[in-house]
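**Q**
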Amino acid sequence: MKVKALSRSTADYTRETKSDIQRLPRNIDPALHPLERAREYKRALNAAKLERMFAKPFLASLSGHIDGIYSMAKNPWDLDQIITGSGDGELRIWSLESQETMWRAPAAHRGIVRGVCNVPGGATDRFLSVGADKLVKVWSRSEGSVASDGTPEAVATYSGKHAFAAVDHHRNRSMFATGSSLIE
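Just so you know, we're using our numbering here: the sequence shown kicks off at 1457 and counts up by one.
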């Protein structure tokens, strides 16, 4: 006569610390779990439905910058326009409708453009940019002068002691604020 006995090592199922997960014995015999395949199919189907439900539509890709975009601002008075600043110091104004560049300054800053913002007021087309080169520049598509090589130049430039990380403009007054990693 044959006698079968279960033998388990207690070291396999005891926790070393209280935060460890309790290991449980699991029998993966398909004869004991006849609905496992159907259950996994249902879980995969639900996951695919949730992924599709929470997915946001991809509208377009604006190609033109050589380096990555590190700052972006929308124009609240002209919803067709956004301003982007890239890691190679380039500024661009994009038309979202035509998905093309409307204006560009290839060497706006030496280094990363860390922040851009629009100057409030629908009558002006001015905007500000700050970069790792410790400069705040005021730009305008209509008022700015153009260099001999055809690139636009800033209307005004302000320098700081440290590199700027962000910029924003007051909604009513002609004042702007910059942010940095250092406190002065």
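Even for Gly, the Cβ is constructed at its ideal location relative to N, Cα and C.
Figure out for me which residue from I1522, F1620, D1605, S1601 has the closest Cα to the Cα of V1611.
**A** Per the Cα distances, S1601.
**Q** Given that a residue counts as buried once 16 or more other Cβ atoms are within 10 Å of its Cβ, and exposed if not, what is W1533?
**A** That one is exposed.
**Q** Is it true that the region 1493-1511 meets the region 1539-1547, where meeting means three or more beta-carbon pairs spaced less than 8 Å apart?
**A** Output reads no: the region 1539-1547 does not touch the region 1493-1511.
**Q** So, with DSSP's three-state summary, where would you put E1556?
**A** In the structure shown, E1556 sits in a strand (DSSP, three-state: E or B).
**Q** To the nearest angstrom, how far is the alpha carbon of Y1675 from that of H1626?
**A** Within the shown structure, residues of the chain are numbered from 1457 to 1640, placing residue 1675 beyond reach of any answer.
**Q** Measure the C-alpha to C-alpha separation of A1529 and A1494 and round it to an integer number of angstroms.
**A** So the alpha carbons of these two residues sit roughly 49 Å apart.
**Q** Leaving out the 5 sequence neighbours to the left and right, which residues in its chain are closer than 6 Å to K1451 when beta-carbon positions are compared?
**A** Shown here, the chain extends from 1457 to 1640; a query on residue 1451 therefore has no answer.
**Q** Beta strand (DSSP E) containing N1628: first to last residue?
**A** Segment: none, N1628 is in no beta strand (DSSP E) and carries neither H nor E.
**Q** Keeping to the same chain, check which residues put their C-beta closer than 7 Å to that of S1517; ignore five residues upstream and five downstream.
**A** Contacts found: none.
**Q** By DSSP, does N1502 sit in helix, in strand, or in coil?
**A** N1502: helix per DSSP, three-state reduction.
**Q** Looking at A1621: is its Cβ nearer than 8 Å to the Cβ of S1636?
**A** For A1621 and S1636, yes; Cβs fall inside 8 Å.
**Q** Quick one: grab the DSSP three-state call for A1612.
**A** Strand.
**Q** For S1554 and E1507, what's the separation of their Cα atoms in angstroms?
**A** The straight-line gap from Cα to Cα measures roughly 30 Å.
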